[in-house]
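Q: Before anything else, here's the structure in question.
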DNA sequence: ATGAAAGCGCTAACAG
DNA sequence: CTGTTAGCGCTTTCAT
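Protein chains in written order, with the UniProt record's numbering: chain A, 1 to 337; chain B, 1 to 337.
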C-alpha cells in the first residue's frame, strides 16, 4: 500500500464533519487555543490523528497575515553555511519563528534563490555570505528587510552581522608572537570573501608587534590546492617559522605540502587556519585555528531580522561585529630557532 | 533608506488600483496568461515593478490546490546531501516544480524536519538518506507520497532511489584485480548507512574473482579518524597490496596514516574511496573512488515523486537502483609484488 | 479585453 | 463552551 495518490488531503472541514463539531472548534483545538471542552478536544484530536490531518501552514499564515517566518539563502555546498543554518534554526525556534530555506548551487544563482523567497512572504530574509550586486540588494531591501550574515557588504539598506575577521588573524599572530615567533608569513585567500580583511588583520597585527620588517604575504586561495601551492612558495623564499593561513582548507593543503617536503609541524614551522571547520578537528590534522561564534552570529541575525520585520526603531550601526576566538591545537608551538 | 519596516506588502489589489484595472486582470498579467491587451499588460507590469510587488506564492498555491511543490529533507551539514539538493533543483525546475527544503541538524531531528514539511502541503516529500524509524515512515506515507533517496530502506509504503552500493565496491575490486592485486582488504564503515551493503559487495567481488582466501575486513567508520585507526590495524597484520575503503573521508584518513608510516601510494599499497567527494578531487589526494550518479538519482526521485503525487499507477518495483561508476585517479596502480 | 464573484483552508472576531 | 461569519491574496469561472 502506501499513499493513496491523487486523493485530496484532509482539511479542517473533514475533521469537523467526522467529529461532529464546527470547523472553528477544530481550529481552536489544533492550535491549542483556549475555548474547547476537554472531551471535545480529545475527540477532535483523535479524529485528526485518524485522518492523518495536518493544518495547512500556508492557509494559516495567509490568514494571520503575520508570517513569523524568516527566509534564509545559503550555499548548500558550503560547509560553513551548513553550520550557520543549524545555528539559525536554534536561534529562531525559541522566539517562535520558522525558517524557510532557499539554496544557491552552481546552477542556481543567488538572485534566483532570493526571488523565490520574496514570493513566500517572509517577514525578513537572511542572506548567508551574500555576493549579490548592490542593485539586487537594493531591490530586495525595498520589498523586505534584509540581513546579511558572514559577509562585509557595505550597503545602506541592509543590516550586516559578521565576524571581526581582522581580529581573528590578529589573535593568531599574537599567539605566535607569544610563543616566540618573529618570522610569520601569511598565506592569503586571494579574492575570496573575507580575504582582504584577514590580510589587513595580519599586517596590522605584525605592525602592532613591531614586526613590520617581517611582513610577508603569499598569495593563496580558498582551496587545499591553493594552500599546497602557496606552501611550496613559502619554502622557496627563506622559510618563516610560522604561517597564518586564510582558512582551514587552505591550511590543510599547506600542511600537507610542508610535511611532504620533510618539515615537522610545529617543530620546524607553525601553522594556523581559520574557521574551525570539521577539517581542523580531525585528529591527525588537529589544526590551531580561529573559530567564528556561530551561535552569536545567528542570534544577532535573527534578532535583527525580527526587529526590522516588526518595524522596531533601530539606533546605532547597521553592522554588528562578533569577535572570534582562537582554538589552540597542535600545529603551533615555540620555534626551535 | 532601507525597508520601511512594518509596512504592509503590496497586493494585487494595490497594483490594480494604481493601474486602474481590475484585480483579475493583474492576475492574468502576472502569470502571463492570455487575455490582456498589450498596453494594459505593460502598464500593469510597470506599476508592479514600481511597487516592488511579488505575487504571494502561498495564496496562489492555496487557490490552485495543486502545489507542484516537492518537499526535501536533507542533512544541512552533510556534504553529499548538498550535492543531491543541487541535483534536485536541476531535476525539478524543468518539469515545473518548486522545492521546499527542511534541514536536519544535530538539534533538529528528521522527524521534526518532516513534520514541518507536512504542513506545507507538498505534493510529495523526498527524504535524503532517511534514518526515520518505520513507524514514522508509515505515518508520513499515509499523508503524502514519500521517496527515500540514497538509503536502502525497506518499507512497503515508500519509494526508494539509490545507488547499487555493492556494485560500487565490486568495481573497485575488479579494477584492483585487473591491475594484478590479490591481497585486497576492505576497511568498512561500521554501522554507517550503506556500510553493510558495501561490505557485502567487497566479499562477493572477492569470491567472484576466486579470492575467497584473501578476504579481510577491517572495521573502520565514516570519518578520517576511523580510517587512520583502521590503516594502522591493516599494517599490523601482514600488509595487503590494496585496500578498498568505505568512503572518501575514511580513505583520506587511511592514506594519511599509511603515508606517515613510510609507505608510498600506490607503489606499496593501492587505496580506493567511495563518493567522489570534493575531498577525493584535491590534487594531492587524487583518490581513485566510486562516484554515485547524482543527476540520475535526482531525476528518478523527482519523477517518482511527481508520479505518485499525480496518482499515476506504478508497475514494477518500488526500489530503483542506479549503477555507480569508478573514477580512476592516482591512488591505485599495479602492485610491485 | 475586462470585471464581478466565488472560494482555496484557515484564523479571529463575535454571537449565542 | 460552541457555532457563525468575514476575510487573508490569489486563481478561476462566468458575464459583459
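For each residue, glycine too, the CB sits at the ideal point set by N, CA and C.
1) Chain A partners of residue 151 of chain B, CB-CB under 7 Å?
2) List, in order along the chain, the chain A residues whose C-beta lies closer than 7 Å to that of residue 76 of chain B?
3) Got a sec? Which residues, its chain only, sit under 7 Å from residue 199 of chain A by beta carbon, not counting five neighbours each side?
4) Since residue 101 of chain B is in the alpha helix (DSSP H), which residue starts that stretch and which ends it?
5) Say whether chain B places a C-beta atom closer than 9 Å to the C-beta of residue 144 of chain A.
6) Tell me the rounded alpha-carbon separation between residue 202 of chain B and residue 237 of chain B.
7) Between residue 26 of chain A and the rest of its own chain, which residues show a CB-CB distance below 6 Å, the 5 nearest in sequence each way excluded?
8) Could you check if residue 261 of chain B is buried or exposed, using at least 16 other CB atoms within 10 Å of its CB as the buried criterion?
9) With distances taken Cα to Cα, identify the nearest neighbour of residue 190 of chain B among B/286, B/164, B/212 and B/223.
10) In the DSSP assignment, what residue or residues form a beta bridge with residue 186 of chain B?
11) Let's test the definition: count the other Cβ atoms within 10 Å of the Cβ of residue 24 of chain A and tell me whether it reaches 16, buried, or not, exposed.
12) Using the Cα positions of residue 72 of chain A and residue 196 of chain A, report the straight-line distance between them to the nearest angstrom.
13) Have a look at B/38, B/284 and B/83 and flag the residue whose alpha-carbon is nearest the alpha-carbon of residue 295 of chain B.
14) For residue 132 of chain A, does the three-state DSSP call read helix, strand or coil?
15) Which partner residues of residue 338 of chain B appear in the DSSP bridge assignment?
16) On the DSSP bridge list, what partners appear for residue 159 of chain B?
17) Check whether the Cβ of residue 55 of chain A lies closer than 9 Å to any Cβ atom in chain B.
18) To the nearest angstrom, how far is the alpha carbon of residue 335 of chain A from that of residue 243 of chain B?
19) I'd like to know if residue 102 of chain B contacts chain A, where contact means its C-beta is closer than 9 Å to some C-beta of that chain.
20) Does chain B have any CB closer than 9 Å to the CB of residue 284 of chain A?
21) Per DSSP, which residues does residue 69 of chain A bridge with? Please list them.
22) For residue 263 of chain A, I'd like the list of residues in its chain whose CB is within less than 6 Å of its CB, leaving aside the five on either flank, ordered along the chain.
23) What do you reckon, are the CB atoms on residue 193 of chain B and residue 251 of chain B nearer than 9 Å?
24) Along the segment 241 to 256 of chain B, where does the CB come closer than 8 Å to a CB of chain A? Name the residues.
25) Are three or more beta carbon pairs between the segment 84 to 98 of chain A and the segment 84 to 98 of chain B nearer than 8 Å?
26) What residue range does the alpha helix (DSSP H) around residue 57 of chain A cover?
27) Around the C-beta of residue 330 of chain A, are 16 or more other C-beta atoms found within 10 angstroms, so that it is buried, or is it exposed?
28) Quick check on this structure: which residue in B/209, B/215, B/246 and B/211 has the alpha carbon closest to the alpha carbon of residue 227 of chain B?
29) As a quick exercise: from B/157, B/173, B/112 and B/303, pick the residue whose alpha carbon is nearest that of residue 241 of chain B.
30) So, for residue 290 of chain B: in the same chain, excluding its five sequence neighbours on each side, which residues have a beta-carbon less than 8 Å away from its beta-carbon?
31) Where residue 208 of chain B and residue 321 of chain B are concerned, what is the direct C-alpha to C-alpha distance, given to the nearest angstrom?
32) Between residue 136 of chain A and chain B, is the shortest Cβ-Cβ distance under 9 Å, so that the two count as touching?
33) So residue 112 of chain A packs on residue 137 of chain A, CB below 8 Å; how close in whole Å?
34) Out of curiosity, what's the CA-to-CA distance linking residue 306 of chain B and residue 297 of chain B?
35) Answer yes or no: does any C-beta atom of chain A fall closer than 9 Å to that of residue 275 of chain B?
A: Checking against the coordinates, here is how it stands:
1) Counted from its first residue, the second chain places residue 151 of chain B at position 151. Per Cβ cutoff of 7 Å: no residues; residue 151 of chain B is ~17 Å from chain A at best.
2) For the purposes of this step, residue 76 of chain B is taken as residue 76 along the second chain, with counting starting at 1. In chain order: 82, 85 and 86.
3) If you number the first chain from 1, residue 199 of chain A lands on position 199. Answer for residue 199 of chain A: 186, 188 and 217, listed in chain order.
4) Here residue 101 of chain B refers to the residue found at position 101 when the second chain is read from its first residue. That residue, residue 101 of chain B, is in no alpha helix (DSSP H); its beta strand (DSSP E) goes 98 to 104.
5) Residue numbering aside, residue 144 of chain A sits at position 144 when the first chain is read from its first letter. With 9 Å as the cut-off, residue 144 of chain A counts as an interface residue toward chain B.
6) Position 202 of the second chain, counted from the start, is the residue given in the question as residue 202 of chain B. Position 237 of the second chain, counted from the start, is the residue given in the question as residue 237 of chain B. Looking at the two C-alpha atoms, the distance is approximately 19 Å.
7) On the first chain, residue 26 of chain A is found 26 positions in, with the first residue counted as 1. Cβ within range, chain order: 12, 15, 16 and 44.
8) Reading the second chain from its first residue, position 261 is the one you call residue 261 of chain B. Burial call: exposed.
9) Here residue 190 of chain B corresponds to residue number 190 of the second chain, with the count starting at 1. Nearest option by C-alpha distance: B/223.
10) Here residue 186 of chain B refers to the residue found at position 186 when the second chain is read from its first residue. B/217 and B/244.
11) Numbered from its first residue, the first chain carries residue 24 of chain A at position 24. It is exposed - the Cβ of residue 24 of chain A has fewer than 16 other Cβ atoms within 10 Å.
12) Here residue 72 of chain A is taken as the residue at index 72 of the first chain, counted from 1. Here residue 196 of chain A is taken as the residue at index 196 of the first chain, counted from 1. Cα to Cα, the separation comes out at about 26 Å.
13) Walking along the second chain from the start, residue 295 of chain B turns up at place 295. Residue 295 of chain B has its Cα closest to that of B/83, out of B/38, B/284 and B/83.
14) On the first chain, residue 132 of chain A is found 132 positions in, with the first residue counted as 1. Reduced to three states, the DSSP call for residue 132 of chain A is coil.
15) Shown here, chain B extends from 1 to 337; a query on residue 338 of chain B therefore has no answer.
16) Position 159 of the second chain, counting from 1, holds the residue named residue 159 of chain B. Looking at the DSSP output, residue 159 of chain B bridges to B/147.
17) To locate residue 55 of chain A, count along the first chain from 1; it is residue 55. Closer than 9 Å: yes.
18) Taking the first chain and counting its residues from 1, the one referred to as residue 335 of chain A is at position 335. Taking the second chain and counting its residues from 1, the one referred to as residue 243 of chain B is at position 243. Their backbone Cα atoms lie some 38 Å apart in a straight line.
19) In the second chain, residue 102 of chain B corresponds to position 102, counting from 1. Cβ-Cβ to chain A under 9 Å: yes for residue 102 of chain B.
20) Numbered from 1 along the first chain, position 284 holds the residue referred to as residue 284 of chain A. It does; some Cβ of chain B falls within 9 Å.
21) As a working note, residue 69 of chain A is residue 69 in the first chain. Residue 69 of chain A pairs with A/98.
22) Residue 263 of chain A sits at position 263 when you count from the first residue of the first chain. Taking C-beta separations shorter than 6 Å and ignoring five residues to either side along the sequence, the partners of residue 263 of chain A in its chain run 269, following chain order.
23) On the second chain, position 193 is the one that residue 193 of chain B refers to. On the second chain, position 251 is the one that residue 251 of chain B refers to. No, the pair does not count as a contact, with Cβ atoms beyond the cut-off.
24) 253 and 256
25) no
26) On the first chain, position 57 is the one that residue 57 of chain A refers to. Start and end: 57 to 64.
27) Sequence index remark: in the first chain, residue 330 of chain A carries index 330 (1-based). By the neighbour-count rule (16 or more Cβ atoms within 10 Å), residue 330 of chain A is not buried but exposed.
28) Reading the second chain from its first residue, position 227 is the one you call residue 227 of chain B. Ranking B/209, B/215, B/246 and B/211 by Cα distance to residue 227 of chain B puts B/246 first.
29) By one-based count along the second chain, residue 241 of chain B stands at place 241. Residue B/173 is the option with its Cα nearest to residue 241 of chain B.
30) By 1-based counting over the second chain, the position of residue 290 of chain B is 290. Excluding positions up to five away in sequence, the list reads 168, 169, 171, 172, 272, 273, 274, 275, 276, 324, 325, 326 and 327.
31) For this step, residue 208 of chain B is matched to residue 208 along the second chain. For this step, residue 321 of chain B is matched to residue 321 along the second chain. Rounded to whole angstroms, residue 208 of chain B to residue 321 of chain B spans 21 Å at the Cα level.
32) As a position in the first chain, residue 136 of chain A is number 136, starting the count at 1. So, not an interface residue.
33) On the first chain, position 112 is the one that residue 112 of chain A refers to. On the first chain, position 137 is the one that residue 137 of chain A refers to. Their Cβ separation, rounded to whole angstroms, is 15 Å, which puts residue 112 of chain A and residue 137 of chain A out of contact at 8 Å.
34) Taking the first residue of the second chain as position 1, residue 306 of chain B is located at position 306. Taking the first residue of the second chain as position 1, residue 297 of chain B is located at position 297. Answer to the nearest angstrom: the Cα atoms are 14 Å apart.
35) For the purposes of this step, residue 275 of chain B is taken as residue 275 along the second chain, with counting starting at 1. Chain A contact via Cβ: absent.
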